[in-house]
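> The structure under discussion is supplied below as structure tokens; questions concerning it will follow.
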Amino acid sequence: MNGQGQPFRAGAPAAVAVEYSCADCAASNEIKAREPIRCRECGCRVMYKKRIKRKVQFEAR
């Protein structure tokens with residue numbers, strides 16, 4: 034609890050929009066957490082997550 038009687042959330046992530054592309058019309062959509070997965074252009078529910086631009090490297094054992 035913080036000083037005002039409200040719970041304190043350390044490190045709570047903000048709602049970040051992730052970019053998806055529609056499988057039907059290939060439109061680009063930004064969808065946030067808890068938002069329905071649906072294209073804003075055609076209403077299709079099949080979406081593909083776009084690749085991120087930063088370099089990702091994994092260590093294999």
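According to this note's numbering, the stretch in the sequence shown is residues 34 to 94, in order.
Using N, Cα and C, we set each Cβ at its ideal position, and we do this for glycine too.
Please classify residue 75 as buried or exposed, where buried requires at least 16 other C-beta atoms within 10 Å of its C-beta.
As a first step, residue 75 must be located in the sequence shown, where it is residue number 42. Exposed, because fewer than 16 other Cβ atoms sit within 10 Å of the Cβ of residue 75.
> Can you name the start and end residues of the beta strand (DSSP E) that residue 63 belongs to?
In the sequence shown, residue 63 corresponds to position 30, counting from 1. 61-64 is the span of the beta strand (DSSP E), which, as asked, contains residue 63.
> What is the rounded straight-line gap between the Cα of residue 58 and the Cα of residue 47?
Translated into the one-based positions of the sequence shown, residue 58 becomes position 25. Translated into the one-based positions of the sequence shown, residue 47 becomes position 14. Each residue's Cα considered, the two are about 29 Å apart.
> Residue 82 bridges to which residues according to DSSP?
Mapped onto the sequence shown, residue 82 falls at position 49. 53.
> Just the Cα atoms here: how many angstroms apart are residue 69 and residue 63?
Within the sequence shown, residue 69 is the residue found at index 36, counting from 1. Within the sequence shown, residue 63 is the residue found at index 30, counting from 1. Taking the straight line joining both Cα atoms gives about 11 Å.
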